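Which chain is which? The protein sequence lines are A and B, in order.
For the first sequence, the working numbering begins at 32 and goes up steadily by one.
For the second sequence, the working numbering begins at 32 and goes up steadily by one.
There are 2 protein chains.
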Amino acid sequence: MADALERLKERLVEVVDLGKIARILSWDQQTKMPPAGTRHRAEQMATLQRLAHEKFTDPEVGKLLDELRSVEESLDPDSDDATTIRLARRDYEKAVRVPSSLRAEIAHAASAANPVWRKAKAESDFASFLPYLERNVELKLRYVECVAEGADERYDVLLDDYEPQTKTAEVREVFAELKPPIVELIAELRDREIDDSFIHGDFPPDRQRALSHEVVDLFGHRPDTWRIDPTEHPFASGPGRDDVRITTNYHPDRLESLFSTMHEYGHGLYTHQQPQHLERLPIGQACSLGIHESQSRLWENLVGRSLPFWRFFYPRLQETYPEQLGGIELGVFHRAVNRVKPGLIRIQADEVTYGMHVMLRFELEQDIVEGRVELRDLPQRWNEKMWDYLGVEVPDDAHGVLQDVHWSGGSIGYFSTYLLGTVASVQIWEAAVRDIPDLSEHVGRGEFAALREWLGEHVHSLGRKFSPQETLSRATGSTLQAQPYLDHLRRTYG
Amino acid sequence: MADALERLKERLVEVVDLGKIARILSWDQQTKMPPAGTRHRAEQMATLQRLAHEKFTDPEVGKLLDELRSVEESLDPDSDDATTIRLARRDYEKAVRVPSSLRAEIAHAASAANPVWRKAKAESDFASFLPYLERNVELKLRYVECVAEGADERYDVLLDDYEPQTKTAEVREVFAELKPPIVELIAELRDREIDDSFIHGDFPPDRQRALSHEVVDLFGHRPDTWRIDPTEHPFASGPGRDDVRITTNYHPDRLESLFSTMHEYGHGLYTHQQPQHLERLPIGQACSLGIHESQSRLWENLVGRSLPFWRFFYPRLQETYPEQLGGIELGVFHRAVNRVKPGLIRIQADEVTYGMHVMLRFELEQDIVEGRVELRDLPQRWNEKMWDYLGVEVPDDAHGVLQDVHWSGGSIGYFSTYLLGTVASVQIWEAAVRDIPDLSEHVGRGEFAALREWLGEHVHSLGRKFSPQETLSRATGSTLQAQPYLDHLRRTYG
């Protein structure tokens, strides 16, 4: 039986390694690859994904899992081995229900849709993207049909791919609690005049780059294990603890890169502190996209937009950009980087309005999956909700329904994890403060070791061993709660 | 039967794709990866190679090859399909003799040895590298044992991995013909005084970088399909026509990068012009390392060190470095970059002494494989040969036995291909001149399209369809000959 477990692990290690390789290839594609290489890369990715799927859905894996039932039952359910078997069984049962041909069709449709979306967005032409979106949705619905047995609702199947063991109904409940107070707060804040003109202007990218490196050095990245590269759409990736790759975008006319670097640092630290002894097994990987996002939002918002942090770091920023910021006081700067202003674009949204962008998408996606909306009516529905939730008028689809890459890549069910993570980040921060009462003073001295270690011990080291809710519960003493986040918003912005 | 052929090709495509992925990972490791990432990368490479090996040695492939015997016989032996079957059979019969576990051990040991070698070289500490070298050699000897049946000698097995269908005895024969005249030429030239002091000095890397890009732009690289990165040891890689990656090293105190970039351009062009309709099949890949090297040496030496080229390009070089080269005449510069001077380092060697560096390694490797030398005695044997062949005294192992990366990566059997390619490059150049009589004038005008096209048609488009000797024969009308190369050396340097 020990042998069956070893053989199962060998299989899992292969699949995990192939996933890590795919991450390197994807990083390369977004940062280094010559543009024409797309053709080769699409082939390589398809081959890699097909092999990983074949390896994992091999009937031999099913046989091993059957053999291991009694082992699993004999073990402490929270032990690494029991969890490895349980997770593998869960992933296997989902994977084998989906025919390879459907996976290939989904991958193919997504690669075909992506360039069409890019062009449609550039030209604000939803109609040209519509047939491709229809195809992506149709395939995703076929995917749902394969896996839906036993699910409470169809959307659960899609959500589960990004936020495992999480029900749509649970998310709806948390979001329902968030919505009215956030709408109210936005109404209060929307006409407040805050000057942030000075964080737009002439910010040479080479100096932004130096600052970004300085910030992550301070937070605690080490150049022998991390790298930072420029890219169009910032992301974090990397195969493991000792190879962490974050990216950022140095817009020459604004300071955004600093916050996006802090955000990606949080993702990177999660990878950097994953449990080493489990790093080639599924349970050693990230818990969920929501938990991942809680890490990035914690560093970006709870640390990076806080007054203690800027007390420490603002002099460095002023030294770097004396013309723009030399005459701007700390308090004025701090208010500017926390300015609340309803806008059109999710990725540029402040902490308060951000949630509404996510809820809008979450609601529309459920309508799509349940057939309550015709795809051709999406732009109108989008624009109505933008007006209802944020009071902004959408001038064209490029600034509306076409703004995000996700649907073009067939990613439906992803968006809510952004807000789940944002909400969780406050609970996690507060739990850290309970254990490290002078955490704000640490931040004010530019010292982050205690926070890193706390996150490592209470969140990162758990890997994918527990569900997101269980992980959060073990880290903070409570499952996901709307109230701490709402209190934080009110305290910070109200 | 058509179906069996299609199924064989599907398998081959997967294996070729995995090889292309491995090339990206290796490029990444040498140019971008955080140093500590080695640990993860070794695991990824081992997994990738094991999977490729499993896929290719699957009994199903053997069955398909059996089924296809009659198809192969019914086809024109030079047709793409017949060659695909023949090559697959040849590769398969070699591959099935090697257990996957041994392949994985070889890959893993190589990844582990590389950083140790780096450090050992930096500290000139052969002893610290010795156990890793011993491990690499031990594994290679186990590999030889698996495959040696039917080979004339053990070294043939290793040579065949780099220079397929080529016998050690054939190489020895060509080298034996080269050695006395080269030794004689070196003796004649070694005391000739040529001033090359001005190509050493202050050459800021950023200007070298601009020049390197200018040269390859001129030769004909396109930024949408190529990239150039700095690295410690220049190499060329990339998965195919539209994703070509060359690297170079901008030493701030000398002009070497220009020649190394031209060299790697030659390799890159071979990849860039591989036959597109065969790019995912083995026959669409490079013929051999020797033929690869013939391409790089052609651009580096026959083009890049020629007087016509410098007549065209020297004014640009003088403009870039007016302080160093403003007062140096073209002829003086041209003699300096063709100066013959025995030295310690292979990759810095001039065209005449270069061959001796290769022969030394080729001889030592045969001694290693035949057990005629203890690895701990390698430094001494190395130093003795350097004295015998080149009359230079090796001051430390960093400048001796530790200088090359190959053995750290488990590449034994590789070195002779450098000289085989160098010899072939002269034959290929002369064949091109027969077809394009005014080729030197093209070069003198900075026009390279005709040469690129000729190489594409006569060499690159053949892919791996024929043996190196057959490829050379089809391109030039003759198999490998020492004499044209010796004549070229005497004409150029004598």
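For every residue, glycine included, the Cβ atom is placed at its ideal position computed from N, Cα and C.
None of the values given here were measured: they were computed from a predicted structure.
Nearest to residue i (by Cα), restricted to the options the options
{"i": "methionine 417 of chain A", "options": "A:Trp438, A:Gly444 and A:Ala380", "result": "A:Ala380"}
{"i": "proline 90 of chain A", "options": "A:Arg120, A:Glu184 and A:Val383", "result": "A:Arg120"}
{"i": "phenylalanine 343 of chain B", "options": "B:Pro211, B:Gly477 and B:Arg203", "result": "B:Gly477"}
{"i": "serine 101 of chain B", "options": "B:Asp466, B:Tyr123, B:Ala33 and B:Gly299", "result": "B:Ala33"}
{"i": "valine 214 of chain A", "options": "A:Glu405, A:Leu451, A:Glu396 and A:His388", "result": "A:His388"}
{"i": "tyrosine 301 of chain A", "options": "A:Glu245, A:Asp274 and A:Ala513", "result": "A:Asp274"}
{"i": "aspartate 222 of chain B", "options": "B:Arg38, B:Arg370 and B:Ala138", "result": "B:Arg370"}
{"i": "leucine 320 of chain B", "options": "B:Leu450, B:Leu361 and B:Asp255", "result": "B:Leu450"}
{"i": "threonine 448 of chain A", "options": "A:Glu104, A:Leu82 and A:Glu201", "result": "A:Glu201"}
{"i": "tyrosine 420 of chain A", "options": "A:Val404, A:Arg377 and A:Gly402", "result": "A:Arg377"}
{"i": "methionine 293 of chain B", "options": "B:Val247, B:Pro195 and B:Leu95", "result": "B:Val247"}
{"i": "alanine 77 of chain B", "options": "B:Arg117, B:Trp330 and B:Ile137", "result": "B:Ile137"}
{"i": "leucine 82 of chain B", "options": "A:Ile116, A:Leu106 and A:Arg42", "result": "A:Arg42"}
Alpha-carbon spacing of residue i relative to residue j, whole angstroms
{"i": "asparagine 145 of chain B", "j": "aspartate 469 of chain B", "result": "46 Å"}
{"i": "tyrosine 385 of chain B", "j": "valine 92 of chain B", "result": "42 Å"}
{"i": "arginine 238 of chain A", "j": "tyrosine 296 of chain A", "result": "18 Å"}
{"i": "glutamine 434 of chain B", "j": "valine 474 of chain A", "result": "48 Å"}
{"i": "leucine 49 of chain B", "j": "phenylalanine 87 of chain A", "result": "18 Å"}
{"i": "valine 47 of chain A", "j": "glutamate 310 of chain A", "result": "9 Å"}
{"i": "arginine 134 of chain A", "j": "alanine 182 of chain A", "result": "20 Å"}
{"i": "serine 442 of chain A", "j": "phenylalanine 234 of chain A", "result": "34 Å"}
{"i": "leucine 312 of chain B", "j": "histidine 298 of chain B", "result": "19 Å"}
{"i": "leucine 189 of chain B", "j": "leucine 216 of chain B", "result": "31 Å"}
{"i": "valine 374 of chain A", "j": "leucine 391 of chain A", "result": "Sequence check: residue 374 of chain A is glycine here, not valine. C-alpha separation (whole angstroms): 13 Å."}
{"i": "tryptophan 148 of chain B", "j": "arginine 185 of chain B", "result": "26 Å"}
{"i": "glycine 494 of chain B", "j": "glutamine 316 of chain B", "result": "5 Å"}
{"i": "tyrosine 516 of chain A", "j": "histidine 71 of chain B", "result": "37 Å"}
{"i": "alanine 113 of chain B", "j": "serine 498 of chain B", "result": "14 Å"}
{"i": "arginine 412 of chain B", "j": "aspartate 398 of chain B", "result": "10 Å"}
Boundaries of the alpha helix (DSSP H) in which residue i is found, first to last residue
{"i": "isoleucine 225 of chain B", "result": "Where isoleucine 225 of chain B is concerned, there is no enclosing alpha helix (DSSP H), given that its DSSP letter is neither H nor E."}
{"i": "proline 339 of chain A", "result": "338–351"}
{"i": "arginine 533 of chain B", "result": "As shown, chain B starts at 32 and ends at 525. That puts residue 533 of chain B outside it, with no answer to give."}
{"i": "phenylalanine 497 of chain A", "result": "Here phenylalanine 497 of chain A belongs to no alpha helix (DSSP H), and DSSP marks it neither H nor E."}
{"i": "asparagine 414 of chain B", "result": "409–421"}
{"i": "glutamine 397 of chain B", "result": "385–400"}
Residue i: contacting residues in chain B (beta-carbon distance under 9 Å)
{"i": "isoleucine 314 of chain A", "result": "Within 9 Å Cβ-Cβ: nothing; isoleucine 314 of chain A doesn't reach chain B, min ~17 Å."}
Chain A residues whose Cβ lies nearer than 9 Å to that of residue i
{"i": "leucine 49 of chain B", "result": "Gln75, Thr78, Leu79 and Leu82"}
{"i": "glutamate 45 of chain B", "result": "Thr78, Arg81 and Leu82"}
Chain-ordered chain B contacts of residue i [CB-CB under 7 Å]
{"i": "histidine 139 of chain A", "result": "Within chain B, no residue comes near histidine 139 of chain A; the closest Cβ sits about 16 Å away, beyond 7 Å."}
{"i": "methionine 64 of chain A", "result": "Asp274"}
Same chain, Cβ closer than 7 Å to residue i, five either side skipped, listed in chain order
{"i": "serine 268 of chain B", "result": "Arg54, Ser57, Trp58 and Arg276"}
{"i": "histidine 491 of chain B", "result": "Tyr301, Gln304 and Gln305"}
{"i": "threonine 351 of chain B", "result": "Arg238 and Leu242"}
{"i": "leucine 36 of chain B", "result": "Leu99, Val102 and Asp112"}
Where residue i meets chain B, residues with beta-carbon distance less than 8 Å
{"i": "leucine 56 of chain A", "result": "Ile52 and Ile55"}
Nonlocal neighbours in the same chain, by C-beta distance under 8 Å from residue i, ignoring five residues either side
{"i": "threonine 262 of chain A", "result": "Gln61, Thr62, Thr278, Thr279 and Asn280"}
{"i": "serine 337 of chain A", "result": "Ser471 and Val474"}
{"i": "isoleucine 467 of chain A", "result": "His473, Ala481, Leu482 and Trp485"}
{"i": "arginine 272 of chain A", "result": "Thr256, Thr302, His303, Gln304, Gln305, Gln307 and Glu310"}
{"i": "alanine 513 of chain B", "result": "Val205, Glu208, Leu209 and Val454"}
Where the beta strand (DSSP E) through residue i begins and ends
{"i": "arginine 72 of chain A", "result": "Per DSSP, arginine 72 of chain A belongs to no beta strand (DSSP E); it is in the alpha helix (DSSP H), 69–88."}
{"i": "threonine 279 of chain B", "result": "274–279"}
{"i": "aspartate 260 of chain B", "result": "257–261"}
{"i": "glycine 271 of chain A", "result": "267–271"}
Beta-carbon contacts of residue i that lie in its chain and below 6 Å, excluding the five residues immediately before and after
{"i": "proline 265 of chain A", "result": "Thr278, Thr279, Asn280, Ser291 and Glu295"}
{"i": "serine 155 of chain B", "result": "Asp427, Asp428 and Ala429"}
{"i": "serine 325 of chain A", "result": "Gly452, Ala455, Ser456 and Ile459"}
{"i": "glutamate 45 of chain B", "result": "Lys86"}
{"i": "arginine 166 of chain A", "result": "Ala140"}
The ligand COA heavy atom lying under 7 Å from the CB of residue i
{"i": "alanine 380 of chain B", "result": "For the ligand COA, the structure offers nothing, since it holds no ligand at all."}
Contacts that residue i makes with chain A (C-beta to C-beta distance below 7 Å)
{"i": "alanine 317 of chain B", "result": "Within chain A, no residue comes near alanine 317 of chain B; the closest Cβ sits about 16 Å away, beyond 7 Å."}
{"i": "proline 236 of chain B", "result": "None at all; the shortest Cβ gap to chain A is about 17 Å."}
{"i": "glycine 271 of chain B", "result": "His71"}
Beta-carbon neighbours of residue i, restricted to chain A and to distances below 8 Å
{"i": "tryptophan 257 of chain B", "result": "Pro65"}
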